[in-house]
Structures are given as structure tokens and as C-alpha cells.
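Line order of the protein sequences matches chains A and B. For the first sequence, the working numbering assigns the number 1 to the initial residue and increments by one for each residue that follows. For the second sequence, the working numbering assigns the number 1 to the initial residue and increments by one for each residue that follows. Don't be surprised by glycine CBs; every beta carbon is placed ideally from N, CA and C. Just so we're clear, the structure is a prediction, and the values are computed from it rather than from any experiment.
Protein chains: 2
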Amino acid sequence: MSATVLDNIGQLVTNSDGIGTGPVGTIENASVVYENGVIVEVGPAGLIGDERIDAEARCVLPGFVDSHTHLVFAGDRADEFTSRMAGRPYDGGGIRVTTAATRAASTDELVAATAARIEEAGRAGITTIEIKSGYGLNVVDEARVLEVASGFTPETTFMGAHLVPEEFVGRTDDYVDLVCGDMLSAAAPHARWIDAFCENGAFDADQSRAVLEAGRSAGLGLRLHGNQLGHGPGVMLAVELGCASVDHCTYMTDSDIEALAASDTVATYLPATDFSTRQPYPDARRAIDAGVSVAIATNCNPGSSYTTSMSLCVALAVRDMLMTIEEAVRAATVGGAKALGRNDVGRIEPGCRADMIVLDAPSYHHLVYRPGVPLVARTLTSAMS
Amino acid sequence: MSATVLDNIGQLVTNSDGIGTGPVGTIENASVVYENGVIVEVGPAGLIGDERIDAEARCVLPGFVDSHTHLVFAGDRADEFTSRMAGRPYDGGGIRVTTAATRAASTDELVAATAARIEEAGRAGITTIEIKSGYGLNVVDEARVLEVASGFTPETTFMGAHLVPEEFVGRTDDYVDLVCGDMLSAAAPHARWIDAFCENGAFDADQSRAVLEAGRSAGLGLRLHGNQLGHGPGVMLAVELGCASVDHCTYMTDSDIEALAASDTVATYLPATDFSTRQPYPDARRAIDAGVSVAIATNCNPGSSYTTSMSLCVALAVRDMLMTIEEAVRAATVGGAKALGRNDVGRIEPGCRADMIVLDAPSYHHLVYRPGVPLVARTLTSAMS
């Protein structure tokens, strides 16, 4: 087995408690040695490997960990987006449009579209990615979407409870029974997680609880969408069930924040969604100051957030959610890792995966200082993890 | 001379009054023939040329016209940016930091740094670019910066009146005399435009008027920075003097808007600056509805807006300034052209320069629908114009 050294790193962001200094564990003039996709040594510039990659004195960070996407879908919703920008409010109802397109697409078409998006995400510096289903919304298509997703990442999430499909409108409880029954049975072999959209117009607390508990019985880990479009029971339910993460969290009461802070559940923010739906940005400062663990994810999907740009998410989190640059960088890397229950990604230290990005910039501050500029010059990863 | 055809264009945005339909003059399934850098024919797919470039059914737009940058400088101001994101307000004082670094840099260093930024701007789809001086702030260095800039673009702007330099603090009128005298004489041979920063803490209306009138006497066109950090006399002065453009326009009274609407002066918005200084976004909707002509530019500079991403500017203009997608696309192309007094760029029609960008997307809506994604797949230009 041959070792590779990423050398001449101007500034290395490790996110490690034991290596480097400051809130993101930086080392100036560093190098990193890895072997078979795993980091074996982190130290000053000049460490030795069989192969050498020159970082040209630029900044190197852990690859982004994107813990929330809906990447397998067909069609787009540019029309809905355009009318939203002209003033029509977002209510999530467009999910049914993507469901129709996804059901109609062949598996080869879904694989090809997903592959192109995974490639785009890789260029944006994403090296670990979660993918949810939720555009099948029947037994066959949920399983099919998850089978496609599992060809790209181990972090697959069954989300039959994304929205009640057309054919079950007015019969939400019947649909929940299907999700918890045959659909779960077909989906579980291809999924690591289960998720539900706990929001007015989607699923209430009892329905969401039923779905997540069924998932737990089938051996899946739990996550939840909540508190996106208004106050609601999502955050409290996620804490009650011990979800790894509750996602969106735009509207939180003091009680929500207290409960989250006392739990192991991560609050995952999706700032590009608030951007693309023209919703208010969540007050991350308030949650972080109260002790809540946070992550940032892209929520890449064709309705509310059609972007793979984690860099933009980081910039928005700082500009509009009042996070520090260091908090935002951590949230997009090690924060996402915690939201996925992963210890092997999000940090650069021995034993972690050799998932790293080289920025065309001297420091991580430039991710926010240079908004919109595609700064990720190189993404190093053995495979999307 | 050989003709090239850009063929198989899925959606062509012409911005032409006579070609195509709708507010940006679109044609589906189009091709464009150009010769010696000038467009000679626009029509349906399948026009004939000696060489053929396949747009692969994607969207093609006029190259972006970036009418406001400060691209020639040395150093960066990531530290100032970081402390601003932590709550320190922006007052423009950091211009002096860049001035010190720029004066200390060799001409070769300035050329190399500018070339890298021009290349980045080209990848972002910018095919016409204005560059201001304003980090020399003495006779020798203002002329030197403009000489460097004129190696990259004909649209160079003398902006000795950017800020009063350290050595003239407390003696603004003496500095204005220098700007209008020896500095203008040294700068004018390398400049097409003159500009001043009319704002509290920089130059007042009389001082700005003196600078612009001196510039006019030296044969330069007029532009002005105004109304960025608060209400002020900038807009009215720009209209009074017949400036081609007044830039920033964040704070405007009803009278400012009325005066602009009745004039030929363009209001140039710089949304990435409002993003990076955490200032409020201007209400472009109000100005456009009153009949004001608008442009969008990046204001690329190391202090208040270190980006070349016109796509992000367009997205911000829609999301946060309430422009329609079509208005924002026009503002970033033909709007910028008007702000520079140019008829040969910003549109795709016979006689215009063959400056075009191919988006990795089926329609121009994706510039806003896919925020942060580097969608410009290819930039076609004979040279930065």
C-alpha cells in the first residue's frame, strides 16, 4: 500500500480537539499523510509519502459533510421558483410535481441525473452526502429511489413521509399505514435512516411519531424535518425520540431551544432553502449561545433549494444567521458528521477518512469573504462516503 | 476571415428589441454566427459557419457587463471582513489599508494579481469589465494602477477621489486640488472615466463636483459613488452633472428616484457589497417601478465585495432587492452596457461583439434558481472589452 502526502498546506483546518489551535484547529505550513483513504499522520510541512500532492500554500479543510439532500429526482421546478420570486408563497406542495416526474423516469435516467449531481457536489467540496427518498411516495418508487441513492452513498434515508401523495389526499392516516407497512419493508434494505416532514400540511406529531417508531423497529436511525414554515411540534418530537438531527429549525421557541440544548439531537440549518423560499433565516446565534449543536446542509432538491454550494450555505449562515465563520465552517463539516452519527469524517486527524478540499485561497475565511466564487480547487476523496 | 457558428442553443437570451420574444428576447433552438469577434447572424439552429461550437441544447446569454470594479490592488482584508461579520460596522476606512499594500507592490505584482482576477471574472462569465483606480491616491500610483488596468480593459476609471489618503487627513480640500490637478493630468491618458466617492467621511457634494468637472474638462466621462451608507447628495449630483451612472444607491429619497427616472443616469446596484458589509439591500423594485434604468455590478474589491460572481449578484437582486429574474439578467448585461455608454455589448444581435456565455442549464432562470452553483460552462469572447 502506498502513502500519499498532501504537502505545502498554507493553512490546515483540522477541526480536531488535539491538533492545531483555535476553534477550528488550524496549523500553518502543514502536511497530511494518508494511506488507503485513511489519514495516518498530520504534521508540519515536509512529511514523507510515496506520492506527493502540492497544496501550493493554500488552505485545506475537511471535505464538507452534507447531511441533508434529496438528490434523486427527475425534472426541475424552475417555473414554481420563478412564480415564488414573483410573490407566490412556498408551501411544499410542489413536491407532488417532482413525484410525478420521478415516478415517470426510468431507473437509468435517475442514475444518470444523480451521477451528474454527485459530480457537481464533489466539485463543490462535498465528500460525504446524505440522500433522502420522498419523490416516489409509493412502494415501488420509494424502494427504487433508495436503491439508486445507495449506489452513491451509504447515508440513505427513507422519507416516504415527505408529503401525502395525490392519490391519498384526505386519507393521511391510510397513507401513514402504508409508509409504516409495505413501503418501509421495501425501503429498509436500502436505507440507513428514516425521516418525516412534521409540518402543517404534511404530517402531524402523532403521524410523524408513528413513522419514526416503525423505522426504529426496522433498524433505521431517526431524523426529522420540523419547524420550517412556522412553529410546531417537530423539535420537541425529535428530542423525545432521540433523533440524530432535526432539520430546518427556522421557527423555535425558547422551550424548543432548551430541549435541544439538553439533548444529543443536532439542529441542522438549511440556509439555501431560506434563501430560495424567501423565508426568514433562523437565528442560529440564539441557539448556539444556548448550547445547541448545529450543522449546515444544502438540502439540494428541485423545489426549495436547488444548490450544491455548501460554500454559499456557509456564507449565508454567517451573513444572515449571525454565526461566526468558525462556527459555520465547523457546522458544514464536523457538525454534519455529528448529524449523521459519524466519527470518521469532518475532521483531519489520524484514523479519519482522507476527505479533504484545497481552497484557492490562503485561509478558510475566504469561504465567506469571497461569496459566490467557486473556491474549491480540488476535492480529495476515495469515494463519496 | 472565417465564421464560427454557436449552434444547438436550447434557449438564447438576446436582450434585443427586434429579435426573440419576452422581456429578455428569447429564442428557443437558436444559433449565432460571428466573424472576427462580431455577431453577423442570429437565427434558428442550423445556421452555417466554417467552425461549429455545440451549445448542447443549453442556455446562452450575452456575456456579463461588469460596470463597477476595483480590480487592481495588492493584499487582502480578510481580517477586516471577519471583524465586520463579528459586528464591527463598515465605514470605508479600510481603503487606506489596501492603498498602503498597493503602493508597496511592484507593477509586475499588480499585473499578475490583476490577470488572475480577470481570469476568474472570465470564468464567471464577465466579458466586459470596468476597473477603477483609487488605491494609489498619489500621482505616481494612481497613474501606475490605471496603466495596469488599461492593459486589461478600455473601461478604466480614474478615482483619485476614493478616500482622502492618510497624509492628507484634515486637509481634504488640498487633496481635492491635487486630484483635480497633477493627479488628473497623470491619470487621464490611461482613463476613460472619472469617479468620486460622494459620502459622509469621503467627499462632499462640492468636492465631488469639483473632481468630476475637472475630469470632464480633461475629456473623461462621469460616474459617481453615492448613497451607499446613508442618505446624501450623490444621486442628485450625478443627475445634475449628467453622469452615465451613479453607483450603490442603497438609500434614496422619493426626490432622488424622481430625478433619476427623469434623467439618462443609470442606477447601478452592487448587491454583493450589501451582502459583504451586512448593509440593507436597496429597494430596486421601487426605483424600477418609478422608471429608473438600473444595472448590477460586482464591485469586486478587497474591502466591501471580494467577488467576481455576477451570478450571485443576480440572485441577490432577485431574492433581496425584489427584481424579477428578467430585470436582473438585463441589469447584469445590457444594463451594465448602458452604464458604460456601450451599444456593442450586452445584447446578442448583428453588429454586437460576440461576447456570450453558455450556462450549464436549460434556461436563464437557473442563475437564480441554482444559487452559488458555478453555472457558466463556457465564456466566448475575443478579449475583455
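Task: Residues, ordered as in the chain, of the region 364 to 384 of chain B that lie near chain A by beta-carbon distance below 9 Å - done: Going along the region 364 to 384 of chain B in chain order, one finds H365, H366, V368, Y369, R370, P371, G372, V373, P374 with a Cβ nearer than 9 Å to chain A.
Open item on the list: Going by beta-carbon coordinates alone, are E349/A and S67/A separated by less than 8 Å?
Closed with: In this structure, S67/A does not lie closer than 8 Å to E349/A by Cβ.
Task: Classification of T268/A by the beta-carbon crowding that lies within 10 angstroms, buried from 16 upward - done: Buried, by the Cβ-count rule.
Task: Straight-line gap, P371/B to A124/A (C-alpha atoms, nearest Å) - done: Cα to Cα, P371/B sits roughly 12 Å from A124/A.
TODO: Could you tell me how far apart the beta carbons of L220/B and W193/B are, in whole angstroms, since I believe they sit closer than 8 Å?
DONE: Rounded, the Cβ-Cβ distance is 6 Å, consistent with contact.
Task: Contact with chain A by R286/B, beta-carbon distance below 8 Å - done: Cβ-Cβ to chain A under 8 Å: no for R286/B.
Task: Closer than 7 Å at the beta carbon, the chain A residues around E51/B - done: Those do not exist, as E51/B stays about 28 Å from chain A at its closest Cβ, beyond 7 Å.
Task: Option nearest L186/A by Cα separation, candidates H365/A, T157/A, T265/A - done: The sequence given here has Ala at residue 186/A, not Leu. The candidate whose alpha carbon is nearest that of A186/A is T157/A.
Task: CB contact below 8 Å: L6/A versus chain B - done: Under the Cβ distance rule, L6/A does not count among the residues neighbouring chain B, no pair being separated by less than 8 Å.
Open item on the list: Please report whether the beta-carbon of R88/A lies at a distance below 8 Å from any beta-carbon of chain B.
Closed with: Chain B has no Cβ within less than 8 Å of the Cβ of R88/A.
- [ ] Buried or exposed for R88/B, please, with buried defined as at least 16 other CB atoms from any protein chain shown within 10 angstroms of its CB.
- [x] With fewer than 16 other CB atoms across the displayed protein chains lying within 10 angstroms of its CB, R88/B is exposed.
Task: Length of the line joining the Cα atoms of Y175/A and V140/A - done: Answer to the nearest angstrom: the Cα atoms are 14 Å apart.
- [ ] With 7 Å as the C-beta to C-beta threshold (strictly closer), list the residues of the region 313 to 327 of chain B near chain A in chain order.
- [x] Near chain A, meaning a CB-to-CB distance below 7 Å, the residues of the region 313 to 327 of chain B are V318, R319, T324, I325.
Task: Of the residues L322/A, S363/A, T127/A, the one placed nearest V65/A, counting alpha carbons only - done: Closest by alpha carbon: T127/A.
Task: Within chain B, the residues that Y306/A reaches when beta carbons sit closer than 9 Å - done: Those are H366, Y369, R370, P371, V373, listed as they occur along chain B.
- [ ] Figure out for me which residue from G49/A, D256/A, V72/A has the closest Cα to the Cα of M159/A.
- [x] Ranking G49/A, D256/A, V72/A by Cα distance to M159/A puts V72/A first.
Task: Beta-carbon neighbours of A331/B, restricted to chain A and to distances below 9 Å - done: What A331/B touches in chain A: nothing, since even the nearest Cβ is about 15 Å away.
Task: Nearest to M323/A (by Cα), restricted to the options S363/B, S83/B, L12/B, A188/B - done: Measuring C-alpha to C-alpha distances from M323/A to each of S363/B, S83/B, L12/B, A188/B identifies S83/B as the nearest.
Task: CB contact flag (V145/A, Y135/A, <8 Å) - done: Cβ distance < 8 Å, so V145/A and Y135/A count as in contact.
Task: Between the CA atoms of L270/B and N301/A - distance to the nearest angstrom - done: Their Cα atoms are separated by approximately 29 Å.
Open item on the list: Strictly under 8 Å for the Cβ-Cβ distance: is A244/B near chain A by that measure?
Closed with: Chain A, which has no Cβ nearer than 8 Å to the Cβ of A244/B, makes this no.
Open item on the list: Nearest by alpha-carbon distance to V13/B: which of A55/B, N36/B, C59/B is it?
Closed with: C59/B is the residue among A55/B, N36/B, C59/B whose C-alpha sits nearest the C-alpha of V13/B.
Open item on the list: Is it the case that the region 91 to 107 of chain A contacts the region 26 to 42 of chain A, given that we only count it when at least three CB pairs across the two stretches are under 8 Å?
Closed with: Fewer than three Cβ pairs drawn from the region 26 to 42 of chain A and the region 91 to 107 of chain A lie within less than 8 Å of each other, which leaves the two stretches out of contact.
TODO: Grab the span of the beta strand (DSSP E) containing Y34/B for me, first residue to last.
DONE: Its beta strand (DSSP E) spans residues 26 to 35.
TODO: Could you tell me which residues DSSP pairs with E155/B in its beta bridges?
DONE: Looking at the DSSP assignment, E155/B forms a beta bridge with E130/B.
TODO: Would you mind reading off the limits of the beta strand (DSSP E) that contains S245/A?
DONE: 245 to 248 is the span of the beta strand (DSSP E), which, as asked, contains S245/A.
Open item on the list: To the nearest angstrom, how far is the alpha carbon of S106/B from that of D76/B?
Closed with: Distance from the CA atom of S106/B to the CA atom of D76/B, rounded to whole angstroms, is 16 Å.
Task: Chain-order list of residues whose beta-carbon lies under 7 Å from that of G346/A (same chain, five-residue window excluded) - done: Correct list, in chain order: N15, P62, V65, T333, V334, G336, A337.
Task: 6 Å Cβ shell around V5/A - same chain, five flanking residues per side excluded - done: Excluding sequence neighbours, V5/A sits near S31, V33, L47, G49, R52.
TODO: Identify, in the order they occur along the chain, each residue of the same chain with its Cβ nearer than 6 Å to the Cβ of D360/A, setting aside the five sequence neighbours on each side.
DONE: Closer than 6 Å at Cβ, skipping near neighbours: L375, A377.
TODO: Name the one or two DSSP bridge partners that D54/A has.
DONE: For D54/A, the pairing in a beta bridge is given by DSSP as D7/A.
Task: Beta-carbon proximity of G92/B to A202/B, cut-off 8 Å - done: Going by C-beta atoms, G92/B is nearer than 8 Å to A202/B.
Task: Sequence-distant residues of the same chain with beta carbon closer than 6 Å to E80/B, five excluded per side - done: Cβ neighbours of E80/B beyond the five flanking positions: G94.
- [ ] Starting from F81/A, find everything on chain B with Cβ-Cβ shorter than 8 Å and list it in chain order.
- [x] Here the neighbours are H365, V368, Y369.
- [ ] Pull up the CB-CB distance for T225/B and E199/B, whole angstroms please, since I reckon it's below 8 Å.
- [x] In the sequence on display, residue 225/B carries His and not Thr. 7 Å between Cβ atoms; contact.
TODO: Return the CA-CA distance between H365/B and D7/B, expressed in angstroms with no decimal places.
DONE: Going by C-alpha positions, H365/B is about 21 Å away from D7/B.
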